[in-house]
Amino acid sequence: MEKSHENVEAFGWAARDTSGVLSPFNFSRRVTGEKDVQFKVMYCGICHSDLHQLKNEWSNSIYPLVPGHEVVGVVTEVGSKVEKFKIGDKVGVGCLVGSCRKCENCNNDLKNYCSDMILTYNGVDTDGTTTYGGYSDIILTNEHYVVHWPENLPIEAAPLLCARITTYSPLRYYGLDKPGMHIDVVGLGGLGHMAVKFAMAFGTKVTVISTSVSKKDKAIDRCNIRQFKMNMKKLEFGNSHFWKNLKSGNLAVQNLEIWLSSKIWKFG
476 MEKSHENVEA FGWAARDTSG VLSPFNFSRR VTGEKDVQFK VMYCGICHSD
526 LHQLKNEWSN SIYPLVPGHE VVGVVTEVGS KVEKFKIGDK VGVGCLVGSC
576 RKCENCNNDL KNYCSDMILT YNGVDTDGTT TYGGYSDIIL TNEHYVVHWP
626 ENLPIEAAPL LCARITTYSP LRYYGLDKPG MHIDVVGLGG LGHMAVKFAM
676 AFGTKVTVIS TSVSKKDKAI DRCNIRQFKM NMKKLEFGNS HFWKNLKSGN
726 LAVQNLEIWL SSKIWKFG
């Protein structure tokens, strides 16, 4: 089926206020454009940022709010000029559904820094309406922001569309994916364990650094890490190529004593 000339009726779960309580919500999605892909939502991850937005903890929530930015499903409709997707394809979309695609950031594949970036939910869509996320039955976006879902990857792995990208992208962007490099990952949480998995898959030597003794067993038994450090007050990173702060909360960088030979990037 090609593009519809009418708004699409949708059903989702929305928060109406800062209580964050979700309840049934009927709404309309914008008219499917000629370059849009519409798909039936099969799975959607739950990111902690969804919880922040539900309760307006970042002071920018627009109610009613339908969260969800790790969305996987099956294409049910395409616009007349869509080239990359067809009905029946398994696809996914992450935290962005739009950007200007003309600015320096967009041209450098940094659309998340575009001043006209459109968030998957709690954003302003191309028609001026509020965007609603993947806690719903259908979603649509320009094909440029949709990805093909690999046939050999279960669609239940939808959460990879946030935690995976947040760690995979900077590792590749900064060239920290070379076998033999030494990578220090600070914090073994939702993002940290993904950074560990990717870094190990790249063939790097990984050290996990944490303030929690309980994370040691997880690092060794579940992530097959051989190096684990506990002290966060005074760290000597030696010849490590990468430091990644993936803890919840803030860490005062000035409290760290770091060898000048280290290279440091901070994400999360």
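Converting from the sequence shown to the numbering used here requires adding 475 to each position, the first position being numbered 1. Ideal placement from N, C-alpha and C gives every residue a C-beta, glycine not left out. Since the model is a prediction, treat every value here as computed from it, not as a measurement.
query: Which residues share a DSSP beta bridge with R504?
result: V483
- prompt: D469 by DSSP, collapsed to three states: which one?
  reply: In this structure the chain extends from 476 to 743, so residue 469 is not present and cannot be described.
- prompt: In three-state terms, what does DSSP make of T551?
  reply: strand
- prompt: Beta carbon of A485, beta carbon of D652: below 7 Å?
  reply: no
message: Quick check: G548 and V516, are their CB atoms within less than 7 Å of each other?
response: yes
task: Identify every residue that forms a DSSP beta bridge with K704.
output: I684
- request: For my contact list, G567 and V622 are in at a C-beta cut-off of 8 Å; report their separation, rounded to the angstrom.
  value: 5 Å
query: Cβ atoms of D525 and P499: under 7 Å apart, would you say?
result: no
message: Using C-beta distances below 8 Å, list every residue in its chain close to T682, excluding the 5 sequence neighbours before and after it, in chain order.
response: H657, I658, D659, V660, I700, Q702, F703, K704, S715
K559 - DSSP class collapsed to helix/strand/coil: coil
query: Applying the criterion that 16 or more other CB atoms from any shown protein chain within 10 Å of the CB defines a buried residue, is N725 buried or exposed?
result: Confidence at N725 is low in this model, with a pLDDT of 45, below 50, so its placement is unreliable and no value can be given for it.
query: Are three or more beta carbon pairs between the stretch 668–682 and the stretch 636–656 nearer than 8 Å?
result: yes
- prompt: Residues in its own chain within less than 6 Å of N501 by CB, not counting five upstream and five downstream?
  reply: F486
message: How far does the alpha helix (DSSP H) with V671 in it extend, from its first residue to its last?
response: 665–676
- prompt: Exposed or buried, S503, counting other C-beta atoms within 10 Å across all chains shown (16 or more means buried)?
  reply: exposed
query: So what does DSSP say about L635, is it helix, strand or coil?
result: helix
query: Which first and last residues belong to the alpha helix (DSSP H) in which N583 is found?
result: Looking at the DSSP string, N583 is not in any alpha helix (DSSP H), and its letter there is neither H nor E.
message: Taking its Cβ as the centre, do 16 or more other Cβ atoms sit within 10 Å of W628, making it buried, or is it exposed?
response: Reading off the sequence, residue 628 comes out as Leu, not Trp. L628 comes out exposed.
Y643 (DSSP reduced to helix, strand or coil): helix
- prompt: Between S555 and E618, which are expected to be in contact by the criterion C-beta below 8 Å, what is the C-beta distance as a whole number of angstroms?
  reply: 12 Å between Cβ atoms; not a contact.
6 Å Cβ shell around T616 - same chain, five flanking residues per side excluded: V568, V572
task: Locate the beta strand (DSSP E) running through H623, then write down its first and last residues.
output: 621–623
message: Which same chain residues end up closer than 8 Å to Y588 when comparing Cβ atoms and leaving out the 5 residues on each side of it in sequence?
response: N580
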